[in-house]
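Protein chains: 2
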Amino acid sequence: MNTLFLRALSGEVIERTPLWIMRQAGRYLPEYRAVREKVDFLTLCQTPDLAAEVTLQPLRRFNLDAAILFSDIMTPLLSAGVQLEFNPGPVVQAPLRSINDVEKLRVLEPDEIAPFVNSTIKILRRELKVPLIGFAGAPLTLAAYLVQGKGSKDFSVLRSFLYQEPQAAHLLFDKLAVLTARYLQAQIDAGAQAVQLFDSWAGILSEEMYRKFALPAVQKIFANLAVPRIYFAQDAAHLWPAIKSIDVEGYGIDWRTSLNEARNIFGNQKTLQGNLDPAILKANKHVIRHHADNILQTMQKTSHIFNLGHGIEPDAPVEHVSYLVECVHEISKQIRQG
Amino acid sequence: MNTLFLRALSGEVIERTPLWIMRQAGRYLPEYRAVREKVDFLTLCQTPDLAAEVTLQPLRRFNLDAAILFSDIMTPLLSAGVQLEFNPGPVVQAPLRSINDVEKLRVLEPDEIAPFVNSTIKILRRELKVPLIGFAGAPLTLAAYLVQGKGSKDFSVLRSFLYQEPQAAHLLFDKLAVLTARYLQAQIDAGAQAVQLFDSWAGILSEEMYRKFALPAVQKIFANLAVPRIYFAQDAAHLWPAIKSIDVEGYGIDWRTSLNEARNIFGNQKTLQGNLDPAILKANKHVIRHHADNILQTMQKTSHIFNLGHGIEPDAPVEHVSYLVECVHEISKQIRQG
Numbered sequence: 002m003n004t005l006f007l008r009a010l011s012g013e014v015i016e017r018t019p020l021w022i023m024r025q026a027g028r029y030l031p032e033y034r035a036v037r038e039k040v041d042f043l044t045l046c047q048t049p050d051l052a053a054e055v056t057l058q059p060l061r062r063f064n065l066d067a068a069i070l071f072s073d074i075m076t077p078l079l080s081a082g083v084q085l086e087f088n089p090g091p092v093v094q095a096p097l098r099s100i101n102d103v104e105k106l107r108v109l110e111p112d113e114i115a116p117f118v119n120s121t122i123k124i125l126r127r128e129l130k131v132p133l134i135g136f137a138g139a140p141l142t143l144a145a146y147l148v149q150g151k152g153s154k155d156f157s158v159l160r161s162f163l164y165q166e167p168q169a170a171h172l173l174f175d176k177l178a179v180l181t182a183r184y185l186q187a188q189i190d191a192g193a194q195a196v197q198l199f200d201s202w203a204g205i206l207s208e209e210m211y212r213k214f215a216l217p218a219v220q221k222i223f224a225n226l227a228v229p230r231i232y233f234a235q236d237a238a239h240l241w242p243a244i245k246s247i248d249v250e251g252y253g254i255d256w257r258t259s260l261n262e263a264r265n266i267f268g269n270q271k272t273l274q275g276n277l278d279p280a281i282l283k284a285n286k287h288v289i290r291h292h293a294d295n296i297l298q299t300m301q302k303t304s305h306i307f308n309l310g311h312g313i314e315p316d317a318p319v320e321h322v323s324y325l326v327e328c329v330h331e332i333s334k335q336i337r338q339g
Numbered sequence: 002m003n004t005l006f007l008r009a010l011s012g013e014v015i016e017r018t019p020l021w022i023m024r025q026a027g028r029y030l031p032e033y034r035a036v037r038e039k040v041d042f043l044t045l046c047q048t049p050d051l052a053a054e055v056t057l058q059p060l061r062r063f064n065l066d067a068a069i070l071f072s073d074i075m076t077p078l079l080s081a082g083v084q085l086e087f088n089p090g091p092v093v094q095a096p097l098r099s100i101n102d103v104e105k106l107r108v109l110e111p112d113e114i115a116p117f118v119n120s121t122i123k124i125l126r127r128e129l130k131v132p133l134i135g136f137a138g139a140p141l142t143l144a145a146y147l148v149q150g151k152g153s154k155d156f157s158v159l160r161s162f163l164y165q166e167p168q169a170a171h172l173l174f175d176k177l178a179v180l181t182a183r184y185l186q187a188q189i190d191a192g193a194q195a196v197q198l199f200d201s202w203a204g205i206l207s208e209e210m211y212r213k214f215a216l217p218a219v220q221k222i223f224a225n226l227a228v229p230r231i232y233f234a235q236d237a238a239h240l241w242p243a244i245k246s247i248d249v250e251g252y253g254i255d256w257r258t259s260l261n262e263a264r265n266i267f268g269n270q271k272t273l274q275g276n277l278d279p280a281i282l283k284a285n286k287h288v289i290r291h292h293a294d295n296i297l298q299t300m301q302k303t304s305h306i307f308n309l310g311h312g313i314e315p316d317a318p319v320e321h322v323s324y325l326v327e328c329v330h331e332i333s334k335q336i337r338q339g
């Protein structure tokens, strides 16, 4: 068992920087596209054998140090009674816009929330030689889709809802916090060895609004989970002073923001994860090596997990991913064993 | 002539906080929609009588302290040989992806760049009792559309281009800087009394990439303009240490980011402009007053121009805009004359 990823999260001094890639099971892989030709996205998420298969695909190609459950942040909401499509992003049939809408949202027991995920995790734990990361969407990011109804540049309908209906909004964040905490606990019970909470849309709020609605819900979710925890808030440098108060082992850092600055704010005790710009994978190998090297030189021997600064893009060349993995292995060994 | 806006930009102690609204001539106004029923967006921009008419519309309804030329950041690119549609955002027929594409971009003399804009400005100066703001898009934001081809969540094609084709990218930014400097100078020569440079997509870059490509171009544009200058970079708190080096009188601050923090970084000598969340205009009057008051209390008697933190939205109720204007007048007088 390769435990480098877990040891990095526990703050141990490690001999090489562990590496995984957000959305590593995905459309850039021909073997993934082959599976998707046969089943739609939601069926794939809900069919444990297939979800386990695509989770394992990138591990067969690349020397990665962690696997992440193949699923979607929106799938636990199916159990809560939300009607969803993917086109290709999530589209909510009846967006929540009032306290009545929010009251109808069901918060089930842990084993009733997306039970297919627990089966997928059990299959994966039998197969995997690296740690398995469970994950969920943070309440703000789930609320963004639930209220707006679909993806948006700046989720203005959600923001209006927070200003105009604070009571409904608080109820929504409370329910999503309970749902998400139970969902992650179920993943841990099934075998997930770490969890990552994705707050892809954190950046749309001011610090004041983030502290009022999003932050307490994130804190509740992380309060009672007994595995290493990573919080990934995207485009959120203006929220770091607030995010700093979240009790986690690791922070995901997106490509826009600076690992140096993150180190200054979050301190040496925390593990930082990131942050190669996914767009770099579409440049040439010289550029890839240069930027991977930059990141590893910046992080030196501090607690760091190498990753992209956002999910890998569907048109990233597979051979560039291989090359990135080689570079990270080689350079980080030089730095950490030098 | 109401010179409050210009006096605020010159750092004078003023008796009331001046106020204008980004995209104040726009779809939330029924009289604007009436004009748009007759002509398409590009025709409207290119027809001086009509562009002047819609520029004046919000001034007839609200007690605003500045007018802003009605146009689009992409219109000067028409003179550069770029084929454009609006659908509703800009769509570039042949996106620029190579050095050959960039070499074809024409940089004309000042009076050849969007000459219709100069005629619009001359009409406006005869009619207006408040200062007229000229504007342009910053090179990064123009490049975002030129390379990506259309709006995007994170302009990944542009980012790949910057990594993969730095020489072509530098040539593009140089050309856009010259074009934009000439275009703004022409607006000033025609009568614009201040200029604002919109860098709506600044936030997609890391500080390193911003310093390499975007910042030098912005600095070149502002170097020789003899009217007060405002730079509005959106979602750019992580870039403020770089942006601080730009020589302007005012900085636009978007709704996500903190006026307090901006004051700390940019200092007391600069005028800050912003930053009410446009989504607040869709909440009730109590919420609008509360947040307008918060901003004015934060800024106290320091150099400040009230504005939204981004363009007003098409579904903002007109009566809420009136109410906001009243609140800003009343509260800022109390603070500044108290």
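Which chain is which? The protein sequence lines are A and B, in order.
Going by the working numbering, the residue at position 315 of the first sequence is 316; the numbering climbs one at a time, nothing skipped.
Going by the working numbering, the residue at position 176 of the second sequence is 177; the numbering climbs one at a time, nothing skipped.
Just so you know, even glycine gets a beta-carbon here, dropped at the ideal spot from N, CA and C.
Keep in mind it's a predicted model, so treat the numbers as computed, not measured.
| query | What are the boundary residues of the beta strand (DSSP E) that residue 137 of chain A is part of? | reply | Per DSSP, residue 137 of chain A belongs to the beta strand (DSSP E) from 133 to 138.
| query | Do you know whose CA, among B:281, B:266, B:118 and B:306, lies nearest residue 272 of chain B's CA? | reply | If we check each option's Cα against that of residue 272 of chain B, B:306 comes out closest.
| field | For residue 167 of chain B and residue 155 of chain A, the rounded distance between their alpha carbons | value | C-alpha separation (whole angstroms): 30 Å.
| said: Please list, in chain order, the chain B residues whose beta carbon lies closer than 8 Å to that of residue 165 of chain A. | reply: Chain-order list of chain B residues neighbouring residue 165 of chain A: 283, 284, 285 and 288, by C-beta distance under 8 Å.
| Does the ligand FMN have even one heavy atom less than 7 Å from the beta-carbon of residue 170 of chain B? | With respect to small molecules bound, the structure shown includes none, and the ligand FMN cannot be examined in it.
| request: At 7 Å on the CB atoms, spell out the chain A contacts of residue 280 of chain B, in chain order. | output: 157, 160, 161 and 164, listed in chain order.
| task | Below 6 Å CB to CB, which residues in the same chain sit around residue 176 of chain B once its five sequence neighbours on both sides are set aside? | result | Within the same chain, residue 176 of chain B has close Cβ partners 106 and 108.
| In chain B, what lies closer than 8 Å to residue 205 of chain A by C-beta? | At a C-beta separation below 8 Å, residue 205 of chain A has these neighbours in chain B: 257.
| task | Mind checking which residues open and close the alpha helix (DSSP H) that includes residue 211 of chain A? | result | First-last for residue 211 of chain A: undefined, no H or E at that position.
| request: Indicate the three-state DSSP secondary structure (helix, strand or coil) for residue 195 of chain B in the structure shown. | output: Strand, per DSSP.
| query | What number of angstroms, rounded off, separates the C-alpha of residue 333 of chain B from the C-alpha of residue 314 of chain B? | reply | Across the structure, residue 333 of chain B and residue 314 of chain B are spaced so that their CA atoms are roughly 24 Å apart.
| request: Could you have a look at residue 69 of chain B and say whether DSSP puts it in helix, strand or coil? | output: Reduced to three states, the DSSP call for residue 69 of chain B is strand.
| Stretch-stretch touch, CB-based, cutoff 8 Å, three pairs: the region 240 to 255 of chain A with the region 119 to 131 of chain B | No, because fewer than three Cβ pairs between the region 240 to 255 of chain A and the region 119 to 131 of chain B fall closer than 8 Å, the two stretches do not touch.
| query | For residue 204 of chain B versus residue 257 of chain A, is the C-beta spacing smaller than 8 Å? | reply | Result yes, Cβ atoms of residue 204 of chain B and residue 257 of chain A sit closer than 8 Å.
| request: Could you check how far apart the C-beta atoms of residue 195 of chain A and residue 99 of chain A are, in whole angstroms? I think they sit under 8 Å. | output: Not really, about 37 Å apart at Cβ, beyond 8 Å.
| field | Where residue 238 of chain A meets chain B, residues with beta-carbon distance less than 8 Å | value | Going along chain B in sequence order, the residues near residue 238 of chain A (Cβ under 8 Å) are 238 and 239.
| request: Keeping to the same chain, check which residues put their C-beta closer than 6 Å to that of residue 179 of chain B; ignore five residues upstream and five downstream. | output: Correct list, in chain order: 108.
| message | Per DSSP, what are the beta-bridge partners of residue 279 of chain A in this structure? | response | Beta-bridge pairing links residue 279 of chain A to no other residue.
| In whole angstroms, what separates the C-alpha of residue 27 of chain A from that of residue 311 of chain A? | Approximately 13 Å, taken between the alpha carbons.
| For residue 200 of chain A, which beta-bridge partners are listed by DSSP? | According to DSSP, which records beta bridges pairwise, residue 200 of chain A is partnered with A:234.
| message | Buried or exposed for residue 302 of chain A, going by 16 or more other Cβ atoms inside 10 Å? | response | With fewer than 16 other Cβ atoms within 10 Å, it is exposed.
| said: Can you pull the chain B neighbours of residue 154 of chain A, defined as C-beta to C-beta under 7 Å? | reply: What residue 154 of chain A touches in chain B: 154.
| query | Hey, does residue 320 of chain B have any beta-carbon neighbour from chain A nearer than 8 Å? | reply | Output row for residue 320 of chain B: interface = no.
| query | What in chain A is Cβ-close to residue 250 of chain B, meaning under 9 Å? | reply | Under a criterion of Cβ atoms nearer than 9 Å, no residue of chain A is adjacent to residue 250 of chain B; the nearest Cβ is some 24 Å distant.
| request: With DSSP collapsed to three states, give me the class of residue 252 of chain A. | output: Here DSSP, grouped into helix, strand and coil, assigns residue 252 of chain A to strand.
| residue 208 of chain A: contacting residues in chain B (beta-carbon distance under 9 Å) | Simply 257, 258, 259 and 262.
| said: If you measure between the beta carbons of residue 70 of chain B and residue 114 of chain B, is that distance less than 8 Å? | reply: Between residue 70 of chain B and residue 114 of chain B, the C-beta gap is not smaller than 8 Å, which leaves the two residues out of contact.
| task | Give the straight-line distance between the Cα atoms of residue 143 of chain B and residue 4 of chain A, rounded to the nearest whole angstrom. | result | The C-alpha of residue 4 of chain A is placed about 46 Å away from the C-alpha of residue 143 of chain B.
| task | Pull up the DSSP beta-bridge partners for residue 306 of chain A, would you. | result | BP columns for residue 306 of chain A point to A:274.
| request: Using a Cβ cut-off of 8 Å, pull out every chain A residue sitting near residue 314 of chain B, in sequence order please. | output: Neighbours of residue 314 of chain B on chain A, chain order: 157.
| task | Hey, could you find the ends of the alpha helix (DSSP H) residue 7 of chain A is sitting in? | result | Its alpha helix (DSSP H) spans residues 5 to 10.
| With a CB to CB cut of under 7 Å and the five nearest residues on each side skipped, what residues in its chain are close to residue 10 of chain B? | Excluding residues within five positions, the ones whose Cβ falls inside 7 Å are 195, 229, 250, 251 and 272.
| request: Classify residue 40 of chain B as buried or exposed, calling it buried when 16 or more other Cβ atoms lie within 10 Å of its own Cβ. | output: Exposure of residue 40 of chain B is indicated by the presence of fewer than 16 other C-beta atoms within 10 angstroms of its C-beta.
| query | Taking buried to mean at least 16 other C-beta atoms within 10 Å of its own C-beta, is residue 219 of chain B buried or exposed? | reply | Here residue 219 of chain B is buried: its Cβ has 16 or more other Cβ atoms, across all protein chains shown, within 10 Å.
| query | Are there three or more Cβ pairs, one per stretch, closer than 8 Å when the region 81 to 95 of chain B is compared with the region 145 to 152 of chain B? | reply | Contact between the region 81 to 95 of chain B and the region 145 to 152 of chain B is present, because at least three Cβ pairs lie under 8 Å.
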